[in-house]
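In what follows, a single structure is set out as structure tokens and then discussed.
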Amino acid sequence: MANFIVSIIIAFWIMAIALISVQNAAPVTLRFLTFQSVQMPLGIVVAFGAAIGTVGMALILPSLKPSRSAAREDFED
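Remember, my numbering sits 77 above the position in the sequence shown when you count from 1.
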């Protein structure tokens, strides 16, 4: 059941990115301090942002989970 819910959420985000990219085909430029990117469609920028966020959370979440031994020690106290 959990896999189904995750699949629905991912499908929703893919549809949202596709809809945004179709509606906003005008190129945008990203600026950060003095740096400037090449012009690219907004949908691609949103897709890259979503991908970077997904990968980042996949890397960070395992380090945030308490270990089994720490959880066991808390339970025993």
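By construction, the Cβ of each residue, glycine as well, lies at the ideal position given by its N, Cα and C atoms.
Small disclaimer: the values here were computed from a predicted structure and weren't measured.
Legend entry - Among ALA88, ALA124, VAL105 and THR131, the one whose alpha carbon lies nearest that of GLN116: Nearest neighbour of GLN116 by Cα position, chosen from ALA88, ALA124, VAL105 and THR131, turns out to be VAL105.
Inset, instruction - Flag this pair as touching only if the stretch 88–107 and the stretch 115–135 have three or more C-beta atom pairs under 8 Å; answer yes or no. - result: yes
Inset, instruction - From the DSSP output, read off the bridge partner residues of PHE109. - result: PHE112
Inset, instruction - Find the nearest neighbour of ILE91 within the set PHE112, ALA127 and SER140, judged by alpha-carbon distance. - result: ALA127
Legend entry - Straight-line Cα distance separating THR131 from LEU138: 11 Å
Legend entry - Helix, strand or coil at MET78 [DSSP, three-state]: The answer is coil: DSSP assigns MET78 none of H, G, I, E or B.
Legend entry - heavy atom of the ligand ZN below 6 Å from ILE91 C-beta: The ligand ZN is absent from the structure shown, which contains no ligand whatsoever.
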